[in-house]
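Peer 1: Residue numbers (the numbering used here): 2 to 517.
The beta-carbon is built from N, C-alpha and C at its ideal position, and this holds for glycine as well.
Note that the coordinates shown come from a computational prediction; the quantities given were computed from them, not determined experimentally.
What follows is a structure written as structure tokens; I'll ask about it next.
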Amino acid sequence: MTEIAAPRLVVTDALGRRIVPIDKPLFTIGRRSETDLRLPGADISRVHAEISLENATCIIRDKQSRFGTFVNGERMTEKVLAHGDQIRFGQAGDTEIVFFVDDEAPSVEKSAVSAASELRQMAALLEGLRALGSGRVLDEVLALVLDSAIDVTGAERGFIMLANREKQLEFKMARARGKVTLPGRTFETSRKIPETVFATGRQTIVEDLLDGELAQLHTGTVALGIRHVLCTPLRLVRYVERAEQRGAEEIIGVLYLDSRERGALKSSAAQSALDTLSAEAALAIENARLYREALDKAKFEQELKVAAAIQQALLPPPNRDGAFFSTAAASIACRAVGGDFYDYVDLPSGEFGFIVGDVAGKGSPAALLAAAVLGMFSAEATYQGSAASLITRLNHGLFRRAIEARFLTTFYGTLGPNGRFTYCNAGHNAPILVSSSGLRRLETGGVVLGLFEHAAFDEETLTLQPGDLIVPPHRVRDFTENKPATSRDERAARRRPLILCRFSAERRRHGCAGSL
């Protein structure tokens with residue numbers, strides 16, 4: 002009998018078609034992870050059958066399996082295999098297995114198969130790179146990377162793990178042959194290999210997890226029947242503008258591939274193609290991330306614009322001329338929205354009331370609290386009561402709400418037709434009363450709102466003369482010396498909320514708007 006050169010099994014199942022060499026004197030087949038060919042299925046026994054090399058022949062023996070071993074449709078206990086024999090294990094027939102022997106020009110066939118395999122890998126690589134160049138959605142890019150890696154290497158399944166902000170690996174996606182997404186947000190395999198690759202930046206190839214001490218280190222992976230593992234870092238190299246600059250390298254994650262067959266991923270052509278793919282994949286993933294961040298930023302900025310418009314709409318018109326007063330106001334947020342606010346109110350007594358305030362903090366949280374305070378002010382201001390009592394009710398209203406950062410300063414005043422002006426200052430930067438007799442700071446009041454629930458507030462009553470002006474402290478120079486702001490602090494102070502209020506004995510149409 003002619004000596005055989007390379008007996009092998011061609012296995013076709015739900016995961017695709019693969020070639021398994023019979024490279025041991027005793028080749029075992031079954032459901033156990035320790036077998037040389039592991040087959041899933043209820044019809045498969047733990048050790049279902051074995052193939053032994055005896056006197057240059059391959060003999061298959063059934064190992065007292067429950068559902069039997071079949072060669073060319075006939076159940077057998079022991080049989081010498083011939084080239085082209087079809088083997089089935091169990092009754093289901095979900096897996097097709099054909100026995101082949103390289104007994105005709107093996108070197109030519111091997112060379113042709115190798116060349117065809119390399120061409121297929123190159124075609125898969127080029128197709129993957131082309132697809133990555135057009136990817137924009139992160140999940141689509143991850144799927145393209147995994148599908149290309151599986152096509153290039155012949156792996157059964159692949160996973161991608163990306164680093165989060167804390168530099169910890171997070172599972173992102175798993176795919177199997179046939180471009181199938183595996184369900185779940187975790188995968189059953191050892192984390193030791195991907196974490197080691199991520200930490201060291203070196204590719205790891207395990208030809209057989211059952212060799213040596215590897216089986217003890219990766220018992221969970223071996224229990225799943227996984228025999229061969231390839232894990233490579235996703236290394237991002239950022240491009241630079243000038244040749245003398247060096248591009249900074251960063252490992253953003255790992256690409257993990259595995260297979261049940263021993264040595265299915267170790268060809269040099271597959272590894273070379275995978276190196277090229279992983280480098281381009283890292284760049285494509287980063288670009289997809291940046292694209293998503295840009296979309297999120299644009300959406301956020303648009304929402305801020307809408308929020309800013311709503312916040313400005315909640316404020317009253319900035320300029321107002323009454324029968325005995327003129328006012329002008331302005332509020333310029335440090336960001337798109339902020340915690341500055343002001344409002345006017347016509348009281349039932351015929352007096353004119355106004356409030357100005359500043360919530361601690363910036364941005365959306367401060368803007369939301371400012372809107373809430375304006376709502377409380379609108380509800381409370383029309384009730385008869387003193388300025389101090391209104392500030393007290395606002396303070397109590399803040400404590401009735403479960404708000405942690407609820408601190409704000411505010412100034413509330415009421416002005417009557419006879420010049421009677423009553424105010425309460427709750428920790429706000431004291432406005433200045435500009436009159437013919439000089440300047441006076443309006444400081445009477447109490448502490449910041451939201452600090453103490455039972456805080457007491459005082460008020461002061463003054464009599465204004467026609468032409469008297471109440472201005473914010475950072476705008477005093479504009480009205481007393483006719484000088485613009487010069488220092489950085491003065492220019493920054495102009496962004497704070499302000500109200501100018503001028504008392505007049507008769508209606509003044511020109512008002513205070515020009516003063517701003």
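Locate the alpha helix (DSSP H) running through ASP95, then write down its first and last residues.
Peer 2: Within the sequence shown, numbered from 1, the residue matching residue 95 stands at position 94. No alpha helix (DSSP H) contains ASP95, which DSSP labels as neither H nor E.
Peer 1: Counting only runs of 3+ residues fully inside the stretch 393-472, write out the beta strand (DSSP E) ranges in chain order.
Peer 2: Entirely contained in the stretch 393-472, the beta strand (DSSP E) runs reaching 3 residues are, in chain order, 409-416, 421-427, 433-436, 439-442, 461-464 and 470-472.
Peer 1: Where PHE101 and HIS84 are concerned, what is the direct C-alpha to C-alpha distance, given to the nearest angstrom?
Peer 2: Taking the sequence shown and counting its residues from 1, one reaches residue 101 at position 100. Taking the sequence shown and counting its residues from 1, one reaches residue 84 at position 83. PHE101 and HIS84: Cα-Cα distance of roughly 5 Å.
Peer 1: Taking its Cβ as the centre, do 16 or more other Cβ atoms sit within 10 Å of PHE160, making it buried, or is it exposed?
Peer 2: Position 159 of the sequence shown, counted from the first residue, corresponds to residue 160. PHE160 is buried by the Cβ-count criterion.
Peer 1: Can you check which of these residues, ASP259, ALA280 and VAL181, is closest to GLU251 by C-alpha distance?
Peer 2: For this step, residue 251 is matched to residue 250 along the sequence shown. The option with the nearest alpha carbon to GLU251 is ALA280.
Peer 1: Do you know whose CA, among LEU231, CYS425 and PRO318, lies nearest ARG203's CA?
Peer 2: Numbered from 1 along the sequence shown, position 202 holds the residue referred to as residue 203. Considering only alpha carbons, the answer is LEU231.
Peer 1: Pull up the DSSP beta-bridge partners for ALA164, would you.
Peer 2: Within the sequence shown, residue 164 is the residue found at index 163, counting from 1. ALA164 pairs with LEU170.
Peer 1: How many whole angstroms separate the CB atoms of TYR424 and ALA388, which I take to be in contact at a CB cut-off of 8 Å?
Peer 2: The sequence position of residue 424 within the sequence shown is 423, counting from 1. The sequence position of residue 388 within the sequence shown is 387, counting from 1. Right, their Cβ atoms sit about 6 Å apart.
Peer 1: Taking ARG407 as the reference, give the member of PRO366, ASN426, SER437 and THR415 with the closest Cα.
Peer 2: The sequence position of residue 407 within the sequence shown is 406, counting from 1. Closest by alpha carbon: PRO366.
Peer 1: For PHE378, report the span of its alpha helix (DSSP H) as first-last.
Peer 2: Translated into the one-based positions of the sequence shown, residue 378 becomes position 377. Residues 364-381.
Peer 1: Do the CB positions of GLN466 and GLY398 come within less than 8 Å of each other?
Peer 2: Here residue 466 is taken as the residue at index 465 of the sequence shown, counted from 1. Here residue 398 is taken as the residue at index 397 of the sequence shown, counted from 1. Against a cut-off of 8 Å, the Cβ pair of GLY398 and GLN466 comes out as no contact.
Peer 1: Nearest-angstrom Cα distance between VAL346 and VAL142?
Peer 2: For the purposes of this step, residue 346 is taken as the residue at position 345 of the sequence shown. For the purposes of this step, residue 142 is taken as the residue at position 141 of the sequence shown. Rounded to the nearest angstrom, the two C-alpha atoms are 58 Å apart.
Peer 1: Can you tell me whether ALA50 is helix, strand or coil according to DSSP?
Peer 2: What you label residue 50 is simply residue 49 of the sequence shown in a count that begins at 1. Strand at ALA50.
Peer 1: Rounded to whole angstroms, what is the Cα-Cα separation between GLY379 and PHE355?
Peer 2: For the purposes of this step, residue 379 is identified with residue 378 of the sequence shown, where counting begins at 1. For the purposes of this step, residue 355 is identified with residue 354 of the sequence shown, where counting begins at 1. The sequence shown places Ser at residue 379, rather than the Gly named in the question. Taking the straight line joining both Cα atoms gives about 11 Å.
Peer 1: Does DSSP put TYR292 in a helix, a strand or coil?
Peer 2: Numbered from 1 along the sequence shown, position 291 holds the residue referred to as residue 292. In this structure, TYR292 counts as helix in the three-state DSSP scheme.
Peer 1: Here's the rule: buried if 16 or more other CB atoms are within 10 angstroms of the residue's CB, otherwise exposed. What is PHE412?
Peer 2: The residue labelled residue 412 in the question sits at position 411 within the sequence shown. Buried: at least 16 other Cβ atoms inside 10 Å.
Peer 1: GLY451 and ASP459 look like a contact to me (Cβ under 8 Å); what is the Cβ gap, rounded to whole Å?
Peer 2: As a first step, residue 451 is located in the sequence shown; it is residue number 450 there, counting from the start. As a first step, residue 459 is located in the sequence shown; it is residue number 458 there, counting from the start. That belief does not hold up - the Cβ atoms of GLY451 and ASP459 are roughly 18 Å apart, past 8 Å.
Peer 1: Just how far apart, CA to CA, sit ALA371 and LEU409?
Peer 2: Sequence index remark: in the sequence shown, residue 371 carries index 370 (1-based). Sequence index remark: in the sequence shown, residue 409 carries index 408 (1-based). ALA371 and LEU409: Cα-Cα distance of roughly 9 Å.
Peer 1: Does LEU127 pass the burial test, meaning 16 or more other C-beta atoms within 10 Å, or should it be called exposed?
Peer 2: Translated into the one-based positions of the sequence shown, residue 127 becomes position 126. Residue placement at LEU127 cannot be trusted, given a pLDDT of 48 that sits under 50; what the coordinates show is reported in the next sentence. It is exposed - the Cβ of LEU127 has fewer than 16 other Cβ atoms within 10 Å.
Peer 1: Give the secondary structure of THR277 by DSSP, where H, G and I count as helix, E and B as strand, and everything else as coil.
Peer 2: Taking the first residue of the sequence shown as 1, we reach residue 277 at position 276. Reduced to three states, the DSSP call for THR277 is helix.
Peer 1: Identify the residues that DSSP records as bridge partners of ARG62: which are they?
Peer 2: Mapped onto the sequence shown, residue 62 falls at position 61. Answer by DSSP bridge pairing, in chain order: GLU51 and GLU79.
Peer 1: Decide if the stretch 348-364 is in contact with the stretch 289-301; the criterion is three or more beta carbon pairs, one per stretch, under 8 Å apart.
Peer 2: In short, these stretches do not touch, since the Cβ pair count stays below three.
Peer 1: First and last residue of the alpha helix (DSSP H) that includes GLU141?
Peer 2: Walking along the sequence shown from the start, residue 141 turns up at place 140. That run of the alpha helix (DSSP H) goes 139-154.
Peer 1: SER150: buried (16+ other C-beta within 10 angstroms of its C-beta) or exposed?
Peer 2: Working through the sequence shown from its first residue, we reach residue 150 at position 149. Checking the sequence shown, residue 150 turns out to be Ala, not Ser. Looking at its Cβ environment, which holds 16 or more other Cβ atoms inside 10 Å, ALA150 is buried.
Peer 1: Assign LEU1 to one of three DSSP states: helix, strand, or coil.
Peer 2: Nothing can be reported for residue 1: it is not among the residues displayed for the chain, which extend from 2 to 517.
Peer 1: In terms of residues, what are the limits of the beta strand (DSSP E) holding LEU201?
Peer 2: Along the sequence shown, read from residue 1 onward, the residue named residue 201 stands at position 200. For clarity, residue 201 is Thr in the given sequence; the question names Leu instead. Segment 193-201 is the alpha helix (DSSP H) holding THR201; no beta strand (DSSP E) there.
Peer 1: If you count every other CB in all the chains shown that lies within 10 Å of the CB of HIS229, and 16 or more means buried, which is it?
Peer 2: Along the sequence shown, read from residue 1 onward, the residue named residue 229 stands at position 228. HIS229 is buried by the Cβ-count criterion.
Peer 1: Considering SER327, what are the terminal residues of the beta strand (DSSP E) in which it resides?
Peer 2: Working through the sequence shown from its first residue, we reach residue 327 at position 326. Start and end: 326-331.
Peer 1: Is DSSP giving GLU35 helix, strand or coil here?
Peer 2: Along the sequence shown, read from residue 1 onward, the residue named residue 35 stands at position 34. In the structure shown, GLU35 sits in coil (DSSP, three-state: anything other than H, G, I, E or B).
Peer 1: Using the DSSP secondary-structure output, state which residues sit across from GLN87 in a beta bridge.
Peer 2: Along the sequence shown, one-based indexing puts residue 87 at 86. Note: GLN87 sits in a beta bridge opposite VAL99.
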